[in-house]
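Trainee:
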Amino acid sequence: DGGITQSPKYLFRKEGQNVTLSCEQNLNHDAMYWYRQDPGQGLRLIYYSQIVNDFQKGDIAEGYSVSREKKESFPLTVTSAQKNPTAFYLCASSLSPYGSPLHFGNGTRLTVT
Amino acid sequence: SQQGEEDPQALSIQEGENATMNCSYKTSINNLQWYRQNSGRGLVHLILIRSNEREKHSGRLRVTLDTSKKSSSLLITASRAADTASYFCATVANSGNTGKLIFGQGTTLQVKP
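Chains A and B, in that order, give the protein sequences.
Sequential numbering from 1 applies to the first sequence in this note's numbering.
Sequential numbering from 1001 applies to the second sequence in this note's numbering.
#1: Taking only beta-carbon positions, decide if B:H1057 is within less than 8 Å of chain A.
#2: Distance, Cα to Cα, A:G3 vs A:P75?
#3: For B:R1062, which of B:A1078, B:K1070, B:T1107, B:Q1009 has the nearest alpha-carbon?
#4: Less than 8 Å between the beta carbons of A:T79 and A:Y64, yes or no?
#5: Under the three-state reduction of DSSP, which class applies to A:D30: helix, strand or coil?
#6: If you drop the 5 nearest sequence neighbours on each side, which residues of the same chain put their C-beta closer than 6 Å to that of B:Q1033?
#7: Would you kindly check if the distance between the Cβ of A:L27 and the Cβ of A:H103 is under 8 Å?
#8: May I have the straight-line CA-CA distance separating B:I1013 from B:Y1025, to the nearest angstrom?
#9: Evaluate contact between the stretch 4-17 of chain A and the stretch 55-72 of chain A, counting only Cβ atoms and requiring at least three cross-stretch pairs below 8 Å.
#10: Is it right to say A:H29 is buried, meaning 16 or more other beta carbons lie within 10 angstroms of its own, or is it exposed?
#11: For B:Q1080, count the other beta carbons within 10 Å of its own beta carbon; 16 or more makes it buried, fewer makes it exposed. Which is it?
#12: Closer than 7 Å, Cβ to Cβ, to anything on chain A: give me those residues from the stretch 1019-1043 of chain B, in chain order.
#13: Which bits of chain A does B:V1092 rub up against, with CB to CB less than 7 Å?
#14: Taking only the alpha-carbon atoms, compute the straight-line gap between A:P8 and B:K1069 and give it to the nearest angstrom.
#15: Measuring only the C-alpha atoms, how far is B:G1059 from B:M1021?
#16: Cβ of A:G16 less than 8 Å from any chain B Cβ?
#17: Check whether the Cβ atoms of B:N1030 and B:A1093 lie closer than 8 Å to each other.
#18: Taking the alpha carbon of A:S93 as the reference point, which residue from B:V1044, B:Y1087, B:N1038 has its own alpha carbon closest?
#19: Let me confirm a value: B:A1010 is counted as buried when at least 16 other C-beta atoms fall within 10 Å, else exposed. Which label applies?
#20: Classify A:I51 as buried or exposed, calling it buried when 16 or more other Cβ atoms lie within 10 Å of its own Cβ.
#21: Note down, in chain order, every chain B residue with its Cβ under 7 Å from the Cβ of A:G63.
#22: What's the call for B:R1050, buried or exposed, on a 16-neighbour Cβ count within 10 Å?
#23: Starting from A:S94, follow the beta strand (DSSP E) in both directions and report where the run begins and ends.
Structure (structure tokens):
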């Protein structure tokens, strides 16, 4: 079955530690995205990648970093510079980067204490 | 930057009734998409309507788009308990070629059996 896999589902970290969230897709999609969702809120775009080895900042990129070395993978690192990292993180992909529907993973809930 | 705003924020209806959710946006769009999110899960794409379309149907879903008012509505007919979820609109701006989707804050729908 094609889809997007995010792991782990729940992640707990101490303040000051960097943490990397995994996102893998087998849909052969060119574009991949990371969104952050806070309770009762919509999604805010962190980073997106339209093609391998290229990525752009979204609306809330500060304190985050990404890489796109393979078409299938788009890991997100939440660094210690991110002021409020506790949130629900969603990875998505789309066939083309120009307004195609997004396919989402089931998210990673990160709690930093 | 959040483009879409959904109204109402929360909606509670009885099974069998119709549910209508509205979305307003600010800038000229290429297309508008509706997504559903079950609690604690990723989003699922429901329907895409292009800027030159006025109405679209998919099963029990009916979406309308009024570009002059910069608004869209999602109608779910003959609702079921399984329709209980949050519903988000997302817009793709016409300017630039990034194709980024900007999500609204969502409408939480509860369908009582």
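Positions of the beta carbon are idealized from the N, C-alpha and C atoms, including for glycine.
It should be emphasised that the depicted structure is a prediction, and the values quoted were computed from it without experimental measurement.
Mentor: Let me lay it out:
#1: Within the second sequence, the letter at position 57 stands for residue 1057 of chain B. Judged by the 8 Å Cβ criterion, B:H1057 is not in contact with chain A.
#2: Taking the first residue of the first sequence as 1, we reach residue 3 of chain A at position 3. Taking the first residue of the first sequence as 1, we reach residue 75 of chain A at position 75. Near 16 Å, if we compare the C-alpha coordinates of A:P75 and A:G3.
#3: As a working note, residue 1062 of chain B is residue 62 in the second sequence. Of B:A1078, B:K1070, B:T1107, B:Q1009, the residue nearest in Cα terms is B:A1078.
#4: On the first sequence, position 79 is the one that residue 79 of chain A refers to. On the first sequence, position 64 is the one that residue 64 of chain A refers to. It is a contact, given that the beta carbons lie within the stated cut-off.
#5: Within the first sequence, numbered from 1, the residue matching residue 30 of chain A stands at position 30. The answer is coil: DSSP assigns A:D30 none of H, G, I, E or B.
#6: In the second sequence, the residue the question calls residue 1033 of chain B occupies position 33. Closer than 6 Å at the Cβ level, and outside the excluded window around B:Q1033, lie L1048, A1090.
#7: Locating residue 103 of chain A in the first sequence gives position 103, where the first residue counts as 1. Locating residue 27 of chain A in the first sequence gives position 27, where the first residue counts as 1. A contact, by the Cβ cut-off of 8 Å.
#8: Here residue 1013 of chain B refers to the residue found at position 13 when the second sequence is read from its first residue. Here residue 1025 of chain B refers to the residue found at position 25 when the second sequence is read from its first residue. Roughly 26 Å between the two C-alpha positions.
#9: Too few Cβ pairs lie closer than 8 Å, so no.
#10: Your numbering for residue 29 of chain A matches position 29 in the first sequence. Result: buried.
#11: What you label residue 1080 of chain B is simply residue 80 of the second sequence in a count that begins at 1. Before going further, note that residue 1080 of chain B is Arg rather than Gln in the sequence given. Exposed: under 16 other Cβ atoms inside 10 Å.
#12: N1030, N1031, Q1033, R1041, G1042, L1043
#13: As a working mapping, residue 1092 of chain B is identified with position 92 in the second sequence. Chain A residues near B:V1092: G99.
#14: Taking the first sequence and counting its residues from 1, the one referred to as residue 8 of chain A is at position 8. Taking the second sequence and counting its residues from 1, the one referred to as residue 1069 of chain B is at position 69. So the alpha carbons of these two residues sit roughly 42 Å apart.
#15: Locating residue 1059 of chain B in the second sequence gives position 59, counting from the first residue. Locating residue 1021 of chain B in the second sequence gives position 21, counting from the first residue. Each residue's alpha carbon lies about 17 Å from the other.
#16: In the first sequence, counting from the first residue as 1, residue 16 of chain A sits at position 16. No - not a single Cβ of chain B is within 8 Å of the one on A:G16.
#17: To locate residue 1030 of chain B, count along the second sequence from 1; it is residue 30. To locate residue 1093 of chain B, count along the second sequence from 1; it is residue 93. Contact flag set, yes.
#18: Numbered from 1 along the first sequence, position 93 holds the residue referred to as residue 93 of chain A. The option with the nearest alpha carbon to A:S93 is B:V1044.
#19: Counted from its first residue, the second sequence places residue 1010 of chain B at position 10. The residue is exposed, with fewer than 16 neighbouring Cβ atoms inside 10 Å.
#20: To locate residue 51 of chain A, count along the first sequence from 1; it is residue 51. Label assigned to A:I51: exposed.
#21: Counting from 1 along the first sequence, the entry for residue 63 of chain A is found at position 63. The contacting residues do not exist; A:G63 stays about 18 Å from chain B at best.
#22: In the second sequence, the residue the question calls residue 1050 of chain B occupies position 50. Per the 10 Å Cβ criterion, exposed.
#23: Against the first sequence, residue 94 of chain A aligns to sequence position 94. Segment 87-94, the beta strand (DSSP E) holding A:S94.
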